[in-house]
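In order, the protein sequence lines correspond to chains A, B, C and D.
Our numbering runs 92 ahead of the 1-based position in the first sequence.
Our numbering runs 92 ahead of the 1-based position in the second sequence.
Our numbering runs 4 ahead of the 1-based position in the third sequence.
Our numbering runs 4 ahead of the 1-based position in the fourth sequence.
Quick reminder that beta carbons are idealized off the backbone N, C-alpha and C, glycines included.
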Amino acid sequence: MFNKILIANRGEIAIRIIRACRELGIQTVAVYSEADEDSMHVHLADEAVFLGDAAPKESYLNADKLIRAALDSKADAIHPGYGFLSENASFAAAVESAHLTFIGPSADSIRAMGDKAESKIAMKKAGVPTVPGLEGLESDDDFKKAAKEIGYPVLVKAAAGGGGKGMRVVSEEKELTEAIESARSEALNSFGDERLLIEKYLANAHHIEFQVFGDKHGNLVHLFERECSVQRRHQKIIEETPSPLLTPEIREQMGQAAVAAAKAVNYYNAGTVEFIFDPILSSFFFLEMNTRLQVEHPITELVAGIDLVQWQIRIAAGEKFPFAQNHFHQHGHAIECRVYAEDPANGFLPSTGRLLQFIEPRGPGIRVDSGFTVGSQVTHFYDPLLAKLIVHAENREVALQRMKTALQEFVVHGVVTNIDFMQAVLRHEDFANSRVSTRWVESALESGILLLENPQQAVGFHHLIAAALADVVFVSGKAQSAVSNETDPFNPWRKTDNYRV
Amino acid sequence: MFNKILIANRGEIAIRIIRACRELGIQTVAVYSEADEDSMHVHLADEAVFLGDAAPKESYLNADKLIRAALDSKADAIHPGYGFLSENASFAAAVESAHLTFIGPSADSIRAMGDKAESKIAMKKAGVPTVPGLEGLESDDDFKKAAKEIGYPVLVKAAAGGGGKGMRVVSEEKELTEAIESARSEALNSFGDERLLIEKYLANAHHIEFQVFGDKHGNLVHLFERECSVQRRHQKIIEETPSPLLTPEIREQMGQAAVAAAKAVNYYNAGTVEFIFDPILSSFFFLEMNTRLQVEHPITELVAGIDLVQWQIRIAAGEKFPFAQNHFHQHGHAIECRVYAEDPANGFLPSTGRLLQFIEPRGPGIRVDSGFTVGSQVTHFYDPLLAKLIVHAENREVALQRMKTALQEFVVHGVVTNIDFMQAVLRHEDFANSRVSTRWVESALESGILLLENPQQAVGFHHLIAAALADVVFVSGKAQSAVSNETDPFNPWRKTDNYRV
Amino acid sequence: MKTTFDTQTIEINPSGDNYAVTLDGKTVSVQVLRADAKRGRMDLLIDGQRVSAHVSSDLAKRWVTVDGRTSMLTKTSGAKQGVRHDYAGGLIAPMPGQVRSVSVGVGDVVKKGQTLLTMEAMKMEIRIQALKDGVVKAMYVSQGQTVEREQILIEMEA
Amino acid sequence: MKTTFDTQTIEINPSGDNYAVTLDGKTVSVQVLRADAKRGRMDLLIDGQRVSAHVSSDLAKRWVTVDGRTSMLTKTSGAKQGVRHDYAGGLIAPMPGQVRSVSVGVGDVVKKGQTLLTMEAMKMEIRIQALKDGVVKAMYVSQGQTVEREQILIEMEA
């Protein structure tokens with residue numbers, strides 16, 4: 093087993109990995125940029141190494157600095173988390189060539205799945221169903237011909253892409269040229285690779301993915317599905333497992349396809365095979381494989397009853413994965429809501445600022461993975477994910493009720509969040525009835541079937557009264573009784589502090 | 093379903109019940125004594141009713157006031173929690189006769205199990221194995237004769253008792269008279285009933301209990317065992333499930349005995365059948381039945397995958413329990429540590445004071461049920477339970493590691509706690525090897541095999557440095573960088589506050 | 005005492021142990037059950053209804069959460085304020101971030117929908133496009149510059 | 005600067021950006037990596053080893069947690085203090101609570117092991133028993149009275 097692991101990431105996922113290391117008795121090295129000097133992940137690790145400027149390419153995306161930090165701190169492995177360099181095959185290779193262990197799949201597996209065009213070809217070979225489409229096209233005319241063949245609407249997307257970047261939906265031919273141009277430029281900017289592929293756009297599709305997990309000795313299983321169809325800007329905000337749409341038979345088929353997909357690239361460690369699922373035809377198509385830990389891995393941990401991050405580390409250290417497929421069963425139901433610093437009323441664009449209040453809900457069946465606290469600064473440099481709110485309960489109904497209650501209790505002041513928005517989504521009958529496809533948020537907002545305000549509550553009035561009274565009550569002596577009941581952990585020093593305010 | 097429930101309790105269990113109600117969409121009424129005016133359970137409930145003086149008999153043990161409060165606030169049910177009036181048959185009857193629902197078993201079931209002597213007779217009839225002993229004795233001579241027959245050591249205990257009160261271990265005849273006298277007086281003081289029974293004292297026994305759960309329609313299942321052998325002063329401090337000592341066969345037998353015991357008294361709602369288990373002979377004996385929710389219910393919730401408090405409420409409202417015995421399986425392993433305000437170095441006697449610091453551990457698989465926060469006052473009026481720290485993991489080894497890490501992260505200042513002590517217990521190889529019987533703590537401390545300090549760490553030195561430096565650093569300007577990074581949710585009002593400090 | 009948030013004015017007057025709160029010509033009685041300035045929490049009895057609120061303050065802004073719904077209110081002088089989204093002829097930053105590229109200069113003639121500059125924040129790229137045909141009158145930002153939300157980026161002449 | 009906790013004296017002197025800390029004749033260099041007075045937390049580098057500490061203060065008491073172990077230290081003048089547990093001839097309260105019953109009065113002759121009074125706290129009953137044969141010299145408490153931990157209850161004469 094490793095003695096020390098460097099975590100090449102930040103925020104909640106760095107903290108998640110630190111916890112796993114601690115429980116395994118492994119020392120941790122955090123890394124941080126200038127913007128993260130006072131972040132929680134820095135304080136929680138056993139050591140911390142400063143990388144440089146806030147800009148990701150000077151810090152969390154700088155492979156050389158990360159490997160240097162690992163060597164200097166005598167770490168013997170690097171966990172990349174998700175995002176940043178986690179799916180960068182060259183980084184994985186560089187880590188290994190520095191005689192460090194990369195906690196993830198092999199560079200070859202990452203490379204094979206990183207290219208959307210090549211991976212699609214490999215999947216077809218392995219007998220995994222793929223979305224009708226074409227790869228390797230170059231001229232606009234080729235694209236036009238292919239689009240006509242496939243039938244509009246089509247999707248053009250970056251061969252090297254991911255996370256909705258370099259992806260355009262095209263509903264008719266006259267939009268095609270501009271879509272190709274903008275997707276290409278975004279692809280080039282984001283991935284340094286302008287190749288695109290084209291495929292049928294499935295309008296009413298659900299996004300259902302399968303967690304796979306394998307060791308370096310050829311054992312590989314799937315850990316069931318995650319339904320991730322609640323998306324905005326092609327990015328997930330709410331995930332759940334089990335998917336209410338899958339019958340045991342389809343689940344079995346998709347699980348087998350996921351295992352076949354992973355085996356086709358000699359996969360080991362944690363990975364996710366994403367499918368597009370058509371609920372009317374009950375048919376599914378390979379979308380892509382994420383060759384890393386997923387943001388939404390906690391719901392799988394709860395329902396499959398296994399600590400994925402601990403096992404990532406153990407597998408990377410060479411341990412055998414002792415469980416066969418039939419060891420796993422789905423226990424209860426889990427839902428994750430991603431609390432983002434973003435403004436739904438402003439096109440879900442990010443919101444930045446200092447957190448004036450940050451109260452996480454607590455209680456049985458509630459898990460919060462977060463990297464923020466009161467006073468934290470939410471900057472524009474990184475992903476605006478504030479927290480992952482995860483609930484687990486005996487069935488979907490109870491889990492949904494638990495999530496609604498927990499979201500109501502989550503208080504964030506200082507940045508605009510999507511908490512109220514997610515409450516509105518969960519309240520909607522389409523969510524209760526599992527009719528939420530990946531395009532649902534967009535169309536529900538357009539058509540007005542999604543109301544952001546709960547009309548039953550006279551909230552505006554109470555908000556105004558509370559805001560106005562706070563100025564009176566908190567400033568006047570009226571709050572004294574409460575204040576005098578408070579104890580400061582440092583009362584003798586408090587006075588001194590005050591002089592400096 | 094109920095519209096509103098009054099919770100006749102305080103602290104963490106009141107909060108636990110409030111959460112369950114919220115998720116079920118039920119309004120809650122808290123009650124509080126003078127000492128609890130500013131307690132968390134009061135703030136979290138929808139309404140709160142003041143009962144009276146801090147003394148339990150003026151507040152939480154005052155049946156009349158509680159029923160009056162329920163009627164006045166238009167609640168339609170009362171949840172008693174554990175302790176206080178939860179096992180008081182007259183209270184249950186009085187609640188029902190006020191046309192309110194008592195969330196628990198019938199008054200008859202409580203009464204039948206409340207008397208240790210009578211319940212033992214009933215269990216013998218029902219074919220449930222009981223500890224060799226005698227009931228209904230009065231004179232010292234009768235006790236002496238019985239003790240000789242049974243063989244020393246023997247246990248004399250209150251027929252109406254529970255929680256280790258009115259209970260004495262007697263190892264030889266000359267101690268018997270005094271033990272009877274003191275047990276009688278304690279029994280009379282605590283339960284208003286001086287009757288005692290005598291039974292064989294099993295020195296190396298483990299305490300293993302089974303959760304049972306039934307509805308008002310005759311369905312009754314068990315939800316597996318809890319191993320609760322880590323005790324001090326006859327009270328549990330660490331519990332786990334599954335018990336590493338039970339084979340599937342013994343578990344099955346004990347489960348059936350637990351169901352038989354409950355059915356013998358027409359039991360419904362949540363209850364616990366306690367057994368004494370002899371690990372050498374693999375034999376078990378009925379000890380008593382707790383006719384209420386148990387402190388340690390969360391470990392069962394995690395491993396059986398069911399919300400016991402929500403189901404208590406649903407059953408009380410008349411719902412059918414839809415699950416048969418074969419629906420339930422044990423998933424993973426759960427451990428609970430009870431964090432008490434007590435001083436292990438002072439005979440585990442309670443410690444009171446104001447909480448200067450209270451940092452609960454967090455992370456995947458960690459649940460904390462608590463009713464305290466920084467600034468809370470721990471008084472001498474009530475049970476010194478500060479928090480229940482509960483972990484869940486895929487197996488015992490991972491759960492144990494998780495608990496050790498979590499205990500290390502739990503910071504409580506202002507009162508002495510048993511946190512360090514429980515770490516020492518969990519570090520001991522006897523715990524790892526499940527060799528902890530109910531007498532283990534006592535004898536381990538006596539014999540010195542339990543070391544309260546971890547000798548590997550030079551902790552004393554670091555503690556002294558930190559304490560001395562705090563005076564320098566927190567008072568001087570050295571802490572400014574950190575302080576200036578802090579944001580107060582009320583910075584504009586903060587200044588005003590300061591003038592009043 | 006009168007306070008105005010955005011465009012709504014609310015009046016608060018002590019009335020015995022309670023407060024008389026007037027809004028939109030309607031007056032209700034509000035009792036403060038509990039106020040915890042340190043945690044920014046108040047329990048109120050508004051017209052007989054128990055209401056728990058979290059309130060934070062940041063200069064003129066007030067963040068308020070009641071029943072799980074959060075609002076951001078801005079304390080104003082009471083006069084109607086020009087909303088900066090409507091800034092005539094100007095293009096404002098829809099989010100805080102960094103200017104990645106600038107494609108036009110002062111005096112350039114641009115067409116509706118033409119990309120004038122791109123911004124980046126939190127892994128996202130945003131294109132600032134001309135809302136209508138026109139001429140660039142002023143450029144307030146340059147490549148690499150960090151901008152706040154609602155900062156004016158470019159001024160246009162129709 | 006010298007500080008004494010219980011019977012141990014520790015000396016702290018600034019030394020460049022660090023502190024020189026002397027205890028038991030041994031001096032180590034301590035660097036303060038981070039100090040958060042509000043949360044009572046310090047990250048220290050003690051002799052090259054990273055140590056995180058939580059420290060709280062309550063009058064002369066300091067509560068310190070390092071590596072999951074909590075100590076309560078008492079700041080003293082430096083002179084050895086009489087430990088109150090050893091209070092000669094006195095019986096002290098082992099826990100805070102309420103006096104439930106008093107069975108003896110001043111002048112009573114009592115036997116070793118005899119119960120002199122009972123206390124109650126947090127659902128528990130504690131008997132205060134005579135440590136040896138003797139005579140009750142003074143009674144400092146009466147029934148129903150609330151007492152602090154280590155408060156002297158009864159004084160005895162051998």
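Best match in the options for proximity to residue i [C-alpha to C-alpha]
i: I391 (chain B); options: B:A275, B:M132, B:E332; result: B:E332
i: L537 (chain B); options: B:D563, B:F440, B:G103; result: B:F440
i: A100 (chain B); options: B:M132, B:G225, B:G175; result: B:G175
i: C113 (chain B); options: B:K328, B:A146, B:A169; result: B:A169
i: G457 (chain B); options: B:G144, B:V123, B:N487; result: B:N487
i: I107 (chain B); options: B:V121, B:G410, B:F94; result: B:V121
i: P414 (chain B); options: B:V313, B:D200, B:D475, B:W532; result: B:V313
i: G424 (chain A); options: A:Y360, A:G228, A:P336, A:L481; result: A:P336
i: H554 (chain B); options: D:D21, D:H58, D:G29, D:V145; result: D:H58
i: P221 (chain A); options: A:F377, A:S526, A:R454, A:L373; result: A:F377
Assigned exposure category for residue i - 16 Cβ within 10 Å defines buried
i: V113 (chain D); result: exposed
i: M5 (chain D); result: exposed
i: A437 (chain B); result: exposed
i: T339 (chain B); result: exposed
i: T11 (chain D); result: exposed
i: V187 (chain B); result: buried
i: V110 (chain D); result: exposed
i: I118 (chain A); result: buried
i: Q53 (chain C); result: exposed
Reduced DSSP secondary structure (H/G/I, E/B, other) of residue i
i: S182 (chain B); result: helix
i: N590 (chain A); result: Unreliable positioning characterises N590 (chain A) in this predicted model, as indicated by a pLDDT of 30, which lies under 50. The coordinate reading is nonetheless provided below. Reduced to three states, the DSSP call for N590 (chain A) is helix.
i: H309 (chain B); result: coil
i: A550 (chain B); result: Summary for A550 (chain B): the model assigns pLDDT 42, below 50, so the residue's position carries little reliability; its value from the coordinates is reported in the next sentence. The answer is coil: DSSP assigns A550 (chain B) none of H, G, I, E or B.
i: I511 (chain B); result: helix
i: A536 (chain B); result: helix
i: A24 (chain C); result: strand
i: K216 (chain B); result: helix
Whole-angstrom C-beta distance between residue j and residue i, which should lie under 8 Å
i: R446 (chain B); j: Q417 (chain B); result: The Cβ separation is near 48 Å, so there is no contact.
i: P266 (chain B); j: M259 (chain B); result: It is worth fixing the name first, because residue 266 (chain B) is Lys in this sequence and not Pro. Wrong, their Cβ atoms sit about 19 Å apart, outside the cutoff.
i: L379 (chain B); j: L400 (chain B); result: 21 Å between Cβ atoms; not a contact.
i: K217 (chain A); j: L289 (chain A); result: K217 (chain A) to L289 (chain A), Cβ: 16 Å. No contact.
i: G138 (chain C); j: E124 (chain C); result: G138 (chain C) to E124 (chain C), Cβ: 25 Å. No contact.
i: S60 (chain C); j: G506 (chain A); result: 7 Å
Cut-off 6 Å between Cβ atoms - residues of its own chain near residue i, not counting five sequence neighbours on either side
i: E104 (chain A); result: D461, S462, G463
i: I14 (chain C); result: T7, L27
i: A350 (chain B); result: F302, V304, H314, V365
Same chain only: Cβ atoms within 7 Å of residue i, ignoring 5 sequence neighbours per side
i: S529 (chain B); result: N296, A297, H298, S321
i: A190 (chain B); result: I159, L163
8 Å CB neighbourhood of residue i in its chain, flanking five on each side removed
i: L543 (chain B); result: A516
i: I213 (chain A); result: E227
i: S146 (chain D); result: V103, V106
Cβ-heavy atom distance, residue i to the ligand GDP, below 8 Å
i: E278 (chain A); result: Among the components of this structure there are no ligands whatsoever, and the ligand GDP is therefore not found.
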